[in-house]
Structure formats: structure tokens, C-alpha cells
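Engineer:
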Amino acid sequence: MASTMSRLMLGRTLERICKAVLLLCLVHFLIMMILYFDVYSQRFDIFSRFNNGRGANASRGPHHYYYNYSRPNTTFPSYLPGADQLLPTAKPEANRTRPTPKPIPPCPEVPPGLVGRLLIEFSSQMTMERVQRENPNVTEGGKYTPTDCRPKQKVAIIIPFRHRDHHLKYWLHYLHPILRRQKIDYGIYIINQLGEDTFNRAKLLNVGYTEALKDAEYDCFIFSDVDLIPMDDRNLYHCYDQPRHFAIAMDKFGFRLPYAGYFGGVSGLSKKQFLKINGFPNEYWGWGGEDDDIYNRITLNGMKVSRPDVRIGRYRMIKHERDKHNEPNPQRFNKIQNTKNTMRKDGISSLTYRLASVKKYPLYTNISVEIGKPPPRPIKG
Ligand code: UD2
Ligand code: MN
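My numbering puts the sequence shown at residues 63 to 443.
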């Protein structure tokens, strides 16, 4: 009798253990399923596409990017199927009921194909043919428009230029793929100062603004030195609520802002912001000061400079000597004290120049201009 009882007890205990094991298996299976779908949804970013880009990418922040030191200009890894390829399998019935192609969605605020930190070097041989081969999607005049989304802004990139063909090749080699990944709708304008008179960077930038607007309806203008290459493609080349300073951490300044009011190198203003400050000064001949004058114009007109994170706004400058006919301007210290009095008279409203030619090359538009020379110095006496 006792042995029957103990056998019965043993049977019940075994049964309970079996049930518990079964339950554990079920819970384990459920957890596995949840993890499985979660990982896949993140990896292929399905949900960010359904949210028009405001979801997963935007909220996950910078850790979503990876650093790529070996392939600076790759696009999104090709071994991962794009979300577009995944959509039909994810929602086959939706596809069948709506055969007409979907309208292109607005571009996401954080483009999904960025690679983050880039390797930038200037030792490899660079030719224009190579850069053209690398950028078959850029159309005549150096223009590009994303095909899979609608960008909010149209951006003109303006480069002041004279005798820097060597730098230009590197600039185009690095920037075209970066801008493409950033999903920017852009055109590149090289503003070439003809003749050998004193160089005038800011006046050339004013010419670039005017000529670009004759070509297309731009609403954002980015002004870049030809020798400056961003080291991180998260530094997005479009306009912001306030005038933007992009080149905040340059190798030549030890990757730090040299002073709080620094606005040199690469900057960007919307059409409205540019007109609010009457454009840039035309009267800074030779090297220096014009960037500080622009900074003064911005603050005197009640705006603030916006900047990227210091880890992202990093740049390399191609090493160079000071060019001929661009000697430091001795009047620059006096002039930047006077922006308040000069900015209304001297700017886009007073710009004069002679347009010599507009040539559309495969990777950029060249605008050659005569901008005159500095007024004769008053004779002392
Ligand atoms: C600094 C600023 C620059 C500007 C300049 C003072 C940096 C990285 N940049 O540049 O924005 O404020 O000081 O004027 O700090 N250029 C030519 N041919 C010439 C001369 C100049 O193409 O003969 C163009 C070219 O795009 C060049 C830019 O003007 O990158 C600035 O001139 P720079 O590179 O000689 O002066 P830099 O490096 O001191
Ligand atoms: Mn330079």
C-alpha cells in the first residue's frame, strides 16, 4: 500500500516536472521569436521606412552609424537588401491591390546610408577622368538629385577659385559621393577669378550666389574653400534654422575651433539668411578678415551661428603655401571693426562684375569672372 502511494506521488511529481519543462520551452520559444523579429526589423530598418524616416533612425541617434576607415566612399553595404527590396515580401497583398507606383516620399532627416567617420588622404594620384568614372550619376554641370526621395532644399555649393585645379580634383572625388549619400539635391559652382589681380574670396562668393540663382531656384547656399574635405558624412550639407558653420574642427587648428567667432572654411546660409545680411562684403581684397566680417553681419542682424558636434565637424585641409596675389590684407583689422557701418552699403546690393563665361563640365559648372581690383590706396601726406 505504502509503495503504491509513493509510486503515485513520484508519478505526480514527474508529471509536474514535465509540465514545467514544457512551459519553460514555450516561454523560451516565445522569447526567441520576439528577439528574432526585433533584430531583423532593426537590421533592415523596415520600420523607419514605414515612418517616413522619422522613426528608428532618428531616435536611435549616432550609435546607429559605424565607422569605416577602409572604404571612404562606399554606399550602403550591398550585402544587405535595401528596404525597398524587402517591402514587396513584407506586404505582398498591398502590392497586388495597388499596382501604380507609390509617389516618392520626402527624404528622411537622417539619411540611412551614411558611413560616419571617413578616411581622407591626398597622396593617391587623382585625375578628372577617374572622378568622372566614379560618379556616373552626376549630371552635366555637377548636378545631382536623389531618385528615391524628395529633398526639402535645393543646395548650391559655391567654391571661390583660382589656379587650384589639383585641389579641385580631390574635392570632387570626396564630395560627390558624400553629398549623394546625404541625399542632397545639389549643383556645384566653381567661381573662377580671371586675371592676376588681388584675390577676393567674399566677392567671388557673392558672384556665385547670383549666378547660381540664374541657373536654378536654389534655396540654400554652401560656401566652401576648394581645399577643405569633411572627415565625417554626418556633417550634412544643407541649410539650418540659423546660418551654419560646418568646418569647426580642422586638422590645421588641432581639430578645435580657433576662436568663438570663427566662420571660415565652409559655411551655409539659406537665401533668406543671406539677404538679411546683404550678402558678403565686396571690399576685402587679399587674405583674411572677410570671414570675420560675415560673422559680424550675422550677429548684428540678430542671428546666431549654428554648428555641428565637434566630433562630426572635422575637416582636412590640403596643405598649401599662400598663393601669389592673395597676400594678407593689412586693412582687415580696421575693417572688421566697422561692419555695422559698412554692411548696408557693401554687399550683394552693391555687387558689380563682368561675367566672362559659364561652362558646364560633367562634375561642376565653371563661372569665370572679372571682379576688378582693389581701389588705389589714398596717398599719405
Ligand atoms: C582661411 C579660411 C578661408 C578664408 C581665408 C582668408 C580656413 C580653412 N579657411 O583659408 O575660409 O577665410 O583664410 O581669406 O581657415 N583661393 C584660390 N586661389 C587663390 C587663393 C585662394 O582658389 O589663389 C580660394 C580657395 O578656394 C582657397 C580659399 O580661396 O581654399 C581660401 O584661401 P587659402 O586656402 O589660401 O586661405 P586659408 O587656407 O588660410
Ligand atoms: Mn586653404
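For every residue, glycine included, the Cβ atom is placed at its ideal position computed from N, Cα and C. None of these values were measured; they are calculated from a predicted model.
From Y302, L241, F395, pick the residue whose C-alpha is nearest to that of V177; which is it?
Structural biologist: Distances from the CA of V177 to each of Y302, L241, F395 were compared; the closest alpha carbon is that of L241.
Engineer: F342: buried (16+ other C-beta within 10 angstroms of its C-beta) or exposed?
Structural biologist: In summary, F342 is buried, with 16 or more beta-carbon neighbours lying within 10 Å of its beta-carbon over all protein chains present.
Engineer: If you pair each beta-carbon of the region 365-384 with each one of the region 411-429, do three or more pairs fall below 8 Å?
Structural biologist: They do not touch, by the three-pair rule.
Engineer: Enumerated in chain order, which unbroken segments of the beta strand (DSSP E) with a length of 3 residues or greater are wholly contained in the region 330-401?
Structural biologist: 376-379
Engineer: Terminal residues of the continuous alpha helix (DSSP H) containing K245?
Structural biologist: Unbroken run through K245: none, as it is neither H nor E.
Engineer: For the structure I just gave you, are there three or more beta carbon pairs, one from the region 377-394 and one from the region 160-170, closer than 8 Å?
Structural biologist: Contact fails: fewer than three Cβ-Cβ distances are below 8 Å.
Engineer: Quick one: using the 10 Å Cβ neighbour count with 16 as the cut-off for buried, is E504 buried or exposed?
Structural biologist: With the chain covering 63 to 443 only, the question about residue 504 has no answer from this structure.
Engineer: Any heavy atom of the ligand MN within a distance shorter than 6 Å of the CB on M293?
Structural biologist: No, Cβ of M293 sits at least 6 Å from all heavy atoms of the ligand MN.
Engineer: Taking the Cβ atom as the reference point for each residue, do T401 and Y251 lie within a distance shorter than 7 Å?
Structural biologist: No. Outside cutoff.
Engineer: With a threshold of 6 Å on Cβ separation, who are the neighbours of I182 within its own chain once the five nearest residues in sequence on each side are excluded?
Structural biologist: In chain order, I291, M293, R378 place their CB closer than 6 Å to the CB of I182, counting only its own chain and leaving out the 5 sequence neighbours on each side.
Engineer: Roughly how many whole angstroms lie between the Cα atoms of T404 and L362?
Structural biologist: Cα to Cα, T404 sits roughly 12 Å from L362.
Engineer: Rounding to the nearest angstrom, what Cα-Cα distance links Y206 and L425 in this structure?
Structural biologist: 10 Å
Engineer: Distance, Cα to Cα, Q244 vs L275?
Structural biologist: 22 Å
Engineer: Should D289 be listed as close to the ligand MN, given that the test is whether its C-beta is under 6 Å from any heavy atom?
Structural biologist: yes
Engineer: So what does DSSP say about N254, is it helix, strand or coil?
Structural biologist: Note: N254 maps to strand in three-state DSSP.
Engineer: So, are the CB atoms of A218 and F285 less than 7 Å apart?
Structural biologist: No, Cβ-Cβ distance for A218 and F285 is not below 7 Å.
Engineer: Can you tell me whether DSSP reads Y236 as helix, strand or coil?
Structural biologist: helix
Engineer: By Cβ distance, which residues of its chain are closer than 6 Å to N197, with the 5 residues on each side in sequence left out?
Structural biologist: H238
Engineer: Is D355 close to the ligand UD2? I mean its beta-carbon at under 6 Å from any heavy atom of the ligand.
Structural biologist: no
Engineer: Could you tell me whether the Cβ of R373 comes closer than 7 Å to any Cβ of chain B?
Structural biologist: In the structure shown, chain B cannot be found, because there is only a single protein chain.
Engineer: Among the residues of its own chain, which have a CB less than 7 Å from the CB of E258, if the five just before and after it don't count?
Structural biologist: H387
Engineer: Identify whether F283 lies in helix, strand or coil by the three-state DSSP scheme.
Structural biologist: strand
Engineer: Please return the same chain residues whose Cβ sits closer than 8 Å to the Cβ of M225, not counting the five positions on each side in sequence.
Structural biologist: Correcting the residue identity first, residue 225 is His in this sequence and not Met. Hits under 8 Å: D385.
Engineer: Is any heavy atom in the ligand UD2 found nearer than 6 Å to the beta carbon of P222?
Structural biologist: yes
Engineer: I need the straight-line Cα distance from N119 to P174, nearest angstrom please.
Structural biologist: Only weak support is given to the placement of N119: the predicted model assigns it a pLDDT of 32, under 50, and the value that follows is read from those uncertain coordinates. If I take the Cα positions, the gap works out to 7 Å.
Engineer: Give the DSSP-derived three-state secondary structure of K214 in the structure shown.
Structural biologist: coil
Engineer: Comparing the CB of M312 with every heavy atom of the ligand SAH, is any distance shorter than 6 Å?
Structural biologist: The ligand SAH is not among the ligands present in this structure, which contains only the ligand UD2 and the ligand MN.
Engineer: Would you tell me roughly how many angstroms separate the C-alpha atoms of V200 and N268, rounded to the nearest one?
Structural biologist: Taking the CA atoms as reference points, V200 sits about 25 Å from N268.
Engineer: Is it right to say V83 is buried, meaning 16 or more other beta carbons lie within 10 angstroms of its own, or is it exposed?
Structural biologist: exposed
Engineer: From this set, G73, P213, R318, which residue's C-alpha is nearest G375's C-alpha?
Structural biologist: R318
Engineer: Where does T427 sit, in a helix, a strand or coil, going by DSSP?
Structural biologist: strand
Engineer: Relative to the alpha-carbon of F184, which residue among N254, L234, L298 has its alpha-carbon at the smallest distance?
Structural biologist: L234
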